[in-house]
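Participant: With the numbering used here, letter number 31 in the sequence shown gets 31, and the count goes up by one each step, no holes.
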Amino acid sequence: MAKRQAIPGTGIGLALVERLTRAMGGRVEVISAEPGAEFRLEFPLARSAERAQDRLGTGTGSSR
Numbered sequence: 001m002a003k004r005q006a007i008p009g010t011g012i013g014l015a016l017v018e019r020l021t022r023a024m025g026g027r028v029e030v031i032s033a034e035p036g037a038e039f040r041l042e043f044p045l046a047r048s049a050e051r052a053q054d055r056l057g058t059g060t061g062s063s064r
């Protein structure tokens, strides 16, 4: 669980982003820099596109 921070509302959002990104086959990269940080999200677009086509019934492997 997230610790209390000086700024209310921080701590759990990034954990949720990481969990959801990994669930979709992606990854989160953190690049620290003062005074903040950069977060890069990577997703496997080809696989995501295939899943979207299958859901819409437009993919080559669709049975609809």
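The beta-carbon is built from N, C-alpha and C at its ideal position, and this holds for glycine as well. None of the values given here were measured: they were computed from a predicted structure.
Can you name the start and end residues of the beta strand (DSSP E) that Gly-13 belongs to?
Facilitator: The residue you call residue 13 lines up with position 13 of the sequence shown. Here Gly-13 belongs to no beta strand (DSSP E); instead the alpha helix (DSSP H) covers 13 to 23.
Participant: Can you name the residues that DSSP bridges to Ala-37?
Facilitator: On the sequence shown, residue 37 is found 37 positions in, with the first residue counted as 1. According to DSSP, Ala-37 bridges with Ser-32.
Participant: In whole angstroms, give me the CA-to-CA distance for Gln-53 and Glu-42.
Facilitator: Position 53 of the sequence shown, counted from the start, is the residue given in the question as residue 53. Position 42 of the sequence shown, counted from the start, is the residue given in the question as residue 42. Gln-53 and Glu-42: Cα-Cα distance of roughly 20 Å.
Participant: Just the C-alpha distance for Val-89 and Arg-55, rounded to the nearest angstrom, thanks.
Facilitator: As shown, the chain starts at 1 and ends at 64. That puts residue 89 outside it, with no answer to give.
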